[in-house]
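**Student:** With UniProt numbering applied, the sequence shown covers 1 to 335. C-beta: ideal position from N, C-alpha, C; glycine also. Small disclaimer: the values here were computed from a predicted structure and weren't measured. There's a structure below that I have some questions on.
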Amino acid sequence: MRHFDQLLPHVIHVPCTKDEAWKQVKVKAMEIFANLLPLKLKVQVSEMIRPLHWELKKWLIDHSFVEPKLNVGEVEVIRFLNSECKDRIIDDKPLHSLRRFKLLHYVCWKPDGTINRIRTAENFIRYERDFLMACTYFMESQILETWPDTRKIWPLNIIVRFWMEWLKGLNQKPVIPWWEKLEGFFSNPDLRENSMIRLSSFFHLLSWNSRKNCLPLFKWNDVHDDDLRLCMKQMDKSELKKLFRSKPSCVLRAYLRWPFHNVFIEMANEMWPYITLDCFEDTLKYIISYPPGLEDCNCLKIFREFWDNCPNSYKEWIEDKDILEWVHLSENWHY
1 MRHFDQLLPH VIHVPCTKDE AWKQVKVKAM EIFANLLPLK LKVQVSEMIR
51 PLHWELKKWL IDHSFVEPKL NVGEVEVIRF LNSECKDRII DDKPLHSLRR
101 FKLLHYVCWK PDGTINRIRT AENFIRYERD FLMACTYFME SQILETWPDT
151 RKIWPLNIIV RFWMEWLKGL NQKPVIPWWE KLEGFFSNPD LRENSMIRLS
201 SFFHLLSWNS RKNCLPLFKW NDVHDDDLRL CMKQMDKSEL KKLFRSKPSC
251 VLRAYLRWPF HNVFIEMANE MWPYITLDCF EDTLKYIISY PPGLEDCNCL
301 KIFREFWDNC PNSYKEWIED KDILEWVHLS ENWHY
């Protein structure tokens, strides 16, 4: 990971879905690996960085509220660079960039190339004493530790409102445990607030009726990128069937993301009784769009297996030209 760390300053300033932007990162990777690897390996290793690039981008999107503090020395360095090196500075938002770069010190990676979000949150809270991050991940002890230090007005999304209401009740006796208030708070929530929610942090504490109220969040993309898969692990068979029936496209898309694409066909095979024609076509279109992180994977192989396993009646209804072109390609491709 040491050489990937050298790439991160370049990764965090470019959109992950733009080919031209990715080329910037790839060129930098080729430079770093120039004297370390043979040409063929250098290209292969550089391409392997793209899913990590996207994983970091997803984390930054889901944690857009995070803003690490800058000490006096760090701010002075930026001021010096702005005054003395204006002609050579490309970055037009140096303070924002420095905060983003500082975030990287807190990020913990798993062996599969995904970010350990809980460990990362714990790191950030420990060193930044961040109340909002503690609320997002439902870390009670850290919330109690950071609450007295708060002097700013926090963005009042539904999660922060929940914790602030509970904290105000600490002066009343008897104190009601927060998990007992959770069910009532989410029995009929106003969830469309354009704020990202870490649903898996408290999903296991909700009844099925309250869980159902939260399911639209998956369609609206108002939850963290890994939330759907984590919430599915907390459901029983009956709940999973209801999820498959109500949100099949959301589930399939969740498994069309690196590194979970390897089990996509297995998941799809379980879901065929719930995959409608619209869902089938939507999923095919998503596959041929090369989902972020899968640009260098064999999407044609995934497409062909998904197509081959579908009911014949579905194939007869597909008229989309792009999909039919991929069907033709897959029929003439051997793996």
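Quick one: residues in its chain with C-beta nearer than 8 angstroms to the C-beta of Leu256, no 5 flanking neighbours on either side, listed in chain order?
**Tutor:** Once the five neighbours on either side are set aside, the close Cβ partners of Leu256 are Phe264, Thr283, Tyr286, Ile287, Pro291, Leu294 and Ile302.
**Student:** I'd like the list of long-range same chain contacts for Ala121, defined as Cβ closer than 6 angstroms, with 5 residues on each side in sequence excluded.
**Tutor:** Here the set comprises Met133 and Tyr137.
**Student:** Would you check if the region 162-170 and the region 100-107 touch, i.e. whether three or more CB-CB distances between them fall below 8 angstroms?
**Tutor:** No, the region 100-107 does not touch the region 162-170.
**Student:** Nearest CA to the CA of Arg229: which residue from Pro259, Leu52 and Leu170?
**Tutor:** For Arg229, the nearest C-alpha among the options comes from Pro259.
**Student:** Does the region 107-118 come close enough to the region 47-61 that 3 or more CB-CB pairs lie under 8 angstroms?
**Tutor:** Yes: at least three Cβ pairs fall under 8 angstroms.
**Student:** Which one of Asp236, Ser246, Phe162 and Pro51 has the shortest CA to CA distance from Trp109?
**Tutor:** Among Asp236, Ser246, Phe162 and Pro51, the Cα nearest to that of Trp109 belongs to Pro51.
**Student:** Is the beta carbon of Ser162 less than 8 angstroms from the beta carbon of Phe185?
**Tutor:** A small fix is needed here, since residue 162 is Phe in this sequence, not Ser. Cβ distance < 8 angstroms, so Phe162 and Phe185 count as in contact.
**Student:** Is the region 237-251 touching the region 37-52 in the sense that three or more CB pairs, one from each, lie closer than 8 angstroms?
**Tutor:** As far as the Cβ criterion goes, the region 37-52 does not touch the region 237-251, which means the pair count is below three.
**Student:** Which residues mark the beginning and the end of the alpha helix (DSSP H) in which Met267 is found?
**Tutor:** Run containing Met267: Phe264 to Met271, per the alpha helix (DSSP H) assignment.
**Student:** Assign Ile275 to one of three DSSP states: helix, strand, or coil.
**Tutor:** In the structure shown, Ile275 sits in coil (DSSP, three-state: anything other than H, G, I, E or B).
**Student:** How should Asn269 be labelled, buried or exposed, when 16 other C-beta atoms within 10 angstroms of its C-beta is the threshold for buried?
**Tutor:** By the 10 Å Cβ count, Asn269 comes out exposed.
**Student:** Under a three-way DSSP split, which group does Val175 fall into?
**Tutor:** In the structure shown, Val175 sits in coil (DSSP, three-state: anything other than H, G, I, E or B).
**Student:** How about Asp227 and Ser187: do their beta carbons lie closer than 8 angstroms?
**Tutor:** No, Cβ-Cβ distance for Asp227 and Ser187 is not below 8 angstroms.
**Student:** Flag this pair as yes or no: are the beta carbons of Leu217 and Leu243 separated by less than 8 angstroms?
**Tutor:** No, these two residues do not count as a Cβ contact at 8 angstroms.
**Student:** Can you tell me the Cα-Cα spacing of Leu205 and Lys219, whole angstroms?
**Tutor:** Distance between the alpha carbons of Leu205 and Lys219: 21 angstroms.
**Student:** If you drop the 5 nearest sequence neighbours on each side, which residues of the same chain put their C-beta closer than 6 angstroms to that of Trp326?
**Tutor:** Contacts found: Ile288 and Phe303.
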